[in-house]
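J.:
In the numbering used here, the protein residues as written are 7 to 141.
#1: Do residue 96 and residue 76 have their beta-carbon atoms positioned less than 9 Å apart in this structure?
#2: To the nearest angstrom, how far is the alpha carbon of residue 80 from that of residue 44?
#3: Using only the alpha-carbon positions, how far apart do residue 28 and residue 66 sit?
#4: Among all the DSSP beta bridges, which residues are the ones paired with residue 122?
#5: Just the Cα atoms here: how many angstroms apart are residue 68 and residue 111?
#6: Taking the continuous beta strand (DSSP E) assigned at residue 16, which residues delimit it?
#7: Exposed or buried, what is residue 117 when buried is set at 16 or more other beta-carbons lying within 10 Å of its beta-carbon?
#8: Identify whether residue 95 lies in helix, strand or coil by the three-state DSSP scheme.
#9: Give me, in chain order, the residues of the same chain whose beta-carbon lies closer than 8 Å to that of residue 121; leave out the 5 immediate sequence neighbours on both sides.
#10: Mapping the DSSP letters down to three states, classify residue 115 as helix, strand or coil.
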């Protein structure tokens, strides 16, 4: 499974599960979530080095790719922690322990990073994943 396949599967899964909860900003696409001063999220993926897990002839070798899904949650500054925590818990519930299209997710790391300098309170999720492919 290549990074493009992983990205498409994760984006589809998150968009379907998240629904209309808040606007979602995607990697390298124009978005204007900040205009309404309502909560919004940004989803991005970061791959890391892959490795060969098994040896064998072509068609029987397993290659593993690992990475992280990042969900940045933006809530208006000075509105308290509850909405950010609720959205973080919801995002974690969508990804933690999920297995979709050959992608396995583990426990989310949730951090309240604080003010972003643009009038938003930022909460960050990092969810590790691994995806195996037979080549």
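Note that CB positions come from ideal geometry on N, CA and C, so glycine has one too.
T.: The short version:
#1: no
#2: 8 Å
#3: 43 Å
#4: Per DSSP, none; premise fails for residue 122.
#5: 18 Å
#6: That residue, residue 16, is in no beta strand (DSSP E); its alpha helix (DSSP H) goes 9-24.
#7: exposed
#8: helix
#9: 83, 127, 128
#10: strand
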